[in-house]
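Colleague: Attaching a single structure in structure tokens format; questions to follow.
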Amino acid sequence: MKVLVTGSSGLIGSEAAEHFDRQGHEVVGVDNNMRRVFFGPAGDTLWNLERLKNNCKRFTHAAIDIRDRVAIEELFNTQRFDLIVHCAAQPSHDKARDIPLLDFEVNALGTVNVLEATRQHCREAVFVFLSTNKVYGDAPNEIPMKELETRYDYAQAEDYDGVDETCRIDRTLHSLFGASKAAADLVAQEYGRYFNMNVGVFRGGCLTGPSHSAVELHGFLSYLVKITLTGGRYTVYGYKGKQVRDNIHSYDVVRAIEEFAANPRPGEVYNLGGGRANSISMLEAIARIEQLTGRKLDWHYVEEARKGDHICYISNLGKFQSHYPNWKITHGLDAILEQMVAAQRAQHLHSAAK
Ligand SMILES: NC(=O)c1ccc[n+]([C@@H]2O[C@H](COP(=O)([O-])OP(=O)(O)OC[C@H]3O[C@@H](n4cnc5c(N)ncnc54)[C@H](O)[C@@H]3O)[C@@H](O)[C@H]2O)c1
54 MKVLVTGSSG
64 LIGSEAAEHF
74 DRQGHEVVGV
84 DNNMRRVFFG
94 PAGDTLWNLE
104 RLKNNCKRFT
114 HAAIDIRDRV
124 AIEELFNTQR
134 FDLIVHCAAQ
144 PSHDKARDIP
154 LLDFEVNALG
164 TVNVLEATRQ
174 HCREAVFVFL
184 STNKVYGDAP
194 NEIPMKELET
204 RYDYAQAEDY
214 DGVDETCRID
224 RTLHSLFGAS
234 KAAADLVAQE
244 YGRYFNMNVG
254 VFRGGCLTGP
264 SHSAVELHGF
274 LSYLVKITLT
284 GGRYTVYGYK
294 GKQVRDNIHS
304 YDVVRAIEEF
314 AANPRPGEVY
324 NLGGGRANSI
334 SMLEAIARIE
344 QLTGRKLDWH
354 YVEEARKGDH
364 ICYISNLGKF
374 QSHYPNWKIT
384 HGLDAILEQM
394 VAAQRAQHLH
404 SAAK
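First residue of the sequence shown? That's 54 in our numbering, and the numbers climb one at a time after it.
Given below as structure tokens:
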């Protein structure tokens, strides 16, 4: 196969590029390092691009901006793709309020640019769009909750497995990021349903792994590990630190993409996160990381929660698992955290040695 990965220097894009290269496919990565524009030097992804160039056999890279329709058109004119994994995005819920136009251009317009180029040039290809659970806005906060010692949890047995795809996506508070991703999510579904193309939409929980260029505004677990190891102060916003996230390793995300690509269902939408087994609250994550690193995190608490933030979000994985029974979570939370600690320590040693 010839695989196009947009956002190939990012967490999911780089995992996808490496994975499909390892499987013997030809991978073209598109990434213009815009994460650095969004988040400053800490968001720079060039180290990850270098890593890919060193580790992959058939990987080529183009520093194209997905907002640039002419450049995208040219790329599709010269290469014929069998699979498109669309990961390029402005990925931060909070950052979007400072850059609403840029956020919308990258997330919504950029996605239509890539979808339409696919339709014009390789409409049989499989197209996977990385959407987000923020398309549900704060509707998941309406689920009855109970407060436990270190976390919130769902109060009713029927909610135990988490939020499924029937959760509504309108009439809720999304953040501008959630709205630009919802626009892209709907358009992607339309290319599947209306044009009958092989488009799949994955609404991510917390996607995580060692290749994140972690910053405070995006990539909470890896940022938490980074700051615990390197020093600095962490702020916990609201909900007494008992807000819950479900975390999935980037490898398991890519395995889900691979399963879908082998047997696509046009226009389907799936929630994809770590599920209940990989869920953790802020307080629990801090305690676990302190234990793993043997260091104390300097953190403080701010009463006001982030606007539109989820109190307890666990992805219900039932729909994806029923459509793709070969897929399962392979990285538990402890393994994810241990790998992150090792990766951060190595990176720290590497920069100290420079
Ligand atoms: N990480 C998460 O917790 C999470 C959760 C839910 C959904 N998602 C979604 O998954 C996808 C991948 O997320 P990630 O964590 O790998 O993000 P990331 O920021 O690590 O990767 C995105 C990459 O896209 C690139 N990029 C941004 N704008 C671009 C543009 N205009 N043209 C070309 N490249 C551009 C960036 O430089 C970056 O390398 C995104 O769509 C994101 O919204 C992520």
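Idealized CB from N, CA, C, for every residue including glycine. Values in this document were obtained by computation on a predicted structure and should not be read as measured data.
To which residues of the same chain is Val355 closer than 8 Å at the C-beta, ignoring the five residues directly before and after it?
Modeller: Walking along the sequence shown from the start, residue 355 turns up at place 302. Once the five neighbours on either side are set aside, the close Cβ partners of Val355 are Thr288, Val289, Tyr290 and Gly291.
Colleague: Helix, strand or coil for Met87, going by three-state DSSP, please let me know.
Modeller: Sequence index remark: in the sequence shown, residue 87 carries index 34 (1-based). DSSP, read as helix, strand or coil, puts Met87 in helix.
Colleague: Gly361 and Leu226: beta carbons closer than 8 Å?
Modeller: As a working mapping, residue 361 is identified with position 308 in the sequence shown. As a working mapping, residue 226 is identified with position 173 in the sequence shown. Yes, the Cβ-Cβ distance between Gly361 and Leu226 is below 8 Å.
Colleague: Of all the options Ala95, Val83 and Asn107, which has the alpha carbon lying nearest to the alpha carbon of His114?
Modeller: Walking along the sequence shown from the start, residue 114 turns up at place 61. Cα-wise, what sits closest to His114 is Val83.
Colleague: Quick one: using the 10 Å Cβ neighbour count with 16 as the cut-off for buried, is Pro378 buried or exposed?
Modeller: For the purposes of this step, residue 378 is identified with residue 325 of the sequence shown, where counting begins at 1. When all chains shown are included, Pro378 counts as exposed.
Colleague: Is the beta carbon of Tyr323 closer than 8 Å to that of Pro193?
Modeller: Here residue 193 corresponds to residue number 140 of the sequence shown, with the count starting at 1. Here residue 323 corresponds to residue number 270 of the sequence shown, with the count starting at 1. Cβ atoms of Pro193 and Tyr323: not closer than 8 Å.
Colleague: Relative to the C-alpha of Ala236, which candidate in Arg256, Met250, Asp217 and Asn249 has its C-alpha closest?
Modeller: The sequence position of residue 236 within the sequence shown is 183, counting from 1. Comparing Cα-Cα distances from Ala236 to each of Arg256, Met250, Asp217 and Asn249, the minimum goes to Arg256.
Colleague: Leaving out five residues before and five after Ala267 in sequence, what residues of the same chain have Cβ atoms less than 8 Å from its Cβ?
Modeller: Taking the sequence shown and counting its residues from 1, the one referred to as residue 267 is at position 214. Within the same chain, Ala267 has close Cβ partners Ala95, Ser275, Tyr276, Val278 and Lys279.
Colleague: Write down every uninterrupted run of the beta strand (DSSP E) in the segment 99 to 138 whose length is 3 residues or greater and which is fully enclosed by it, in chain order.
Modeller: DSSP assignment within the segment 99 to 138 yields the following whole beta strand (DSSP E) runs of 3 residues or more, N-terminal first: 112 to 115.
Colleague: Is there contact between the segment 60 to 74 and the segment 111 to 130, where contact requires at least three CB pairs shorter than 8 Å?
Modeller: yes
Colleague: In the DSSP output, what is Ile333 paired with across the bridge?
Modeller: Counting from 1 along the sequence shown, the entry for residue 333 is found at position 280. Paired residue(s): Arg298.
Colleague: Under 8 Å by Cβ, that's how I've got Leu260 and Ser303 pegged, so tell me the actual separation to the nearest angstrom.
Modeller: Position 207 of the sequence shown holds residue 260. Position 250 of the sequence shown holds residue 303. Going by Cβ atoms, the distance from Leu260 to Ser303 rounds to 6 Å, so yes, they are a contact pair.
Colleague: If you measure between the beta carbons of Glu337 and Thr203, is that distance less than 8 Å?
Modeller: To locate residue 337, count along the sequence shown from 1; it is residue 284. To locate residue 203, count along the sequence shown from 1; it is residue 150. Contact: yes.
Colleague: Using only the heavy atoms of ligand 1, determine whether one of them is closer than 7 Å to the beta carbon of Glu88.
Modeller: Walking along the sequence shown from the start, residue 88 turns up at place 35. Looking at the sequence provided, one finds Arg at residue 88 rather than Glu. Relative to ligand 1, the nearest heavy atom lies less than 7 Å away from the CB of Arg88.
Colleague: What is the DSSP secondary structure of Asp351, counted as helix, strand or coil?
Modeller: Here the question's residue 351 lines up with position 298 in the sequence shown. In the structure shown, Asp351 sits in a strand (DSSP, three-state: E or B).
Colleague: Label Lys349 either buried or exposed according to how many other C-beta atoms from any shown protein chain fall within 10 Å of its C-beta, with 16 as the threshold for buried.
Modeller: Taking the first residue of the sequence shown as 1, we reach residue 349 at position 296. Exposed is the call here.
Colleague: I'd like to know whether the C-beta atoms of His139 and Thr164 end up nearer to each other than 8 Å.
Modeller: Taking the first residue of the sequence shown as 1, we reach residue 139 at position 86. Taking the first residue of the sequence shown as 1, we reach residue 164 at position 111. Their beta carbons are under 8 Å apart, which means His139 touches Thr164 by this criterion.
Colleague: Note down the Cα distance separating Gly284 from Ser67, rounded to an integer number of angstroms.
Modeller: Locating residue 284 in the sequence shown gives position 231, where the first residue counts as 1. Locating residue 67 in the sequence shown gives position 14, where the first residue counts as 1. Put simply, the backbone Cα of Gly284 is about 27 Å away from that of Ser67.
Colleague: Assuming contact is defined by CB atoms lying nearer than 8 Å, are Ile137 and Leu57 in contact in what I supplied?
Modeller: In the sequence shown, the residue the question calls residue 137 occupies position 84. In the sequence shown, the residue the question calls residue 57 occupies position 4. Against a cut-off of 8 Å, the Cβ pair of Leu57 and Ile137 comes out as a contact.
Colleague: Taking the straight line between their C-alpha atoms, what separation do you get for Tyr207 and Val159?
Modeller: On the sequence shown, residue 207 is found 154 positions in, with the first residue counted as 1. On the sequence shown, residue 159 is found 106 positions in, with the first residue counted as 1. Approximately 34 Å between the Cα atoms of the pair.
Colleague: Just checking Ala142 against ligand 1 - is the residue's beta carbon closer than 7 Å to any of the ligand's heavy atoms?
Modeller: Residue numbering aside, residue 142 sits at position 89 when the sequence shown is read from its first letter. Result yes, Cβ under 7 Å from ligand 1.
Colleague: Taking the C-alpha atoms as reference points, what is the distance between Ile389 and Phe182?
Modeller: Counted from its first residue, the sequence shown places residue 389 at position 336. Counted from its first residue, the sequence shown places residue 182 at position 129. Each residue's Cα considered, the two are about 24 Å apart.
Colleague: Who are the near neighbours of Thr420 in its chain, counting only those whose CB is closer than 8 Å to its CB and skipping five residues on each side?
Modeller: No statement about residue 420 is possible, as the shown extent of the chain runs from 54 to 407 and does not include it.
Colleague: Exposed or buried, what is His401 when buried is set at 16 or more other beta-carbons lying within 10 Å of its beta-carbon?
Modeller: Within the sequence shown, numbered from 1, the residue matching residue 401 stands at position 348. Exposed is the call here.
Colleague: According to DSSP, simplified to helix, strand and coil, what is Arg256?
Modeller: Within the sequence shown, numbered from 1, the residue matching residue 256 stands at position 203. DSSP places Arg256 in strand when its eight states are reduced to three.
Colleague: Compare the beta carbon distance of Lys295 and Ser334 with 8 Å and say whether it is the shorter of the two.
Modeller: The residue labelled residue 295 in the question sits at position 242 within the sequence shown. The residue labelled residue 334 in the question sits at position 281 within the sequence shown. Contact flag set, yes.
Colleague: Is it the case that the Cβ atoms of Tyr205 and Ile364 are separated by a distance below 8 Å?
Modeller: Looking up residue 205 in the sequence shown gives position 152. Looking up residue 364 in the sequence shown gives position 311. For Tyr205 and Ile364, yes; Cβs fall inside 8 Å.
Colleague: What would DSSP say about His401, mapped onto helix, strand or coil?
Modeller: Looking up residue 401 in the sequence shown gives position 348. Looking at His401 - three-state DSSP - the assignment turns out to be helix.
Colleague: Can you give me the Cβ contacts of Thr281 inside the same chain, cut-off strictly under 7 Å, excluding the 5 residues immediately before and after it?
Modeller: Residue numbering aside, residue 281 sits at position 228 when the sequence shown is read from its first letter. Same-chain partners within the cutoff: Ile342, Glu343, Thr346, Arg348 and Leu350.
Colleague: Which same chain residues, not among the five before or five after Trp352, have their C-beta less than 8 Å away from its C-beta?
Modeller: For the purposes of this step, residue 352 is taken as the residue at position 299 of the sequence shown. Leaving aside the five residues that flank Trp352 on each side, the residues in its chain whose CB is nearer than 8 Å to its CB run, in chain order, Arg286, Tyr287, Thr288, Val289 and Ile339.
Colleague: Whole angstroms are fine: how far does the CA of His72 sit from the CA of Asn107?
Modeller: Along the sequence shown, one-based indexing puts residue 107 at 54. Along the sequence shown, one-based indexing puts residue 72 at 19. Taking the straight line joining both Cα atoms gives about 14 Å.
Colleague: How is the beta strand (DSSP E) around Lys199 delimited, first residue to last?
Modeller: Translated into positions along the sequence shown, residue 199 becomes position 146. Lys199 -> beta strand (DSSP E) spans Met198 to Glu200.
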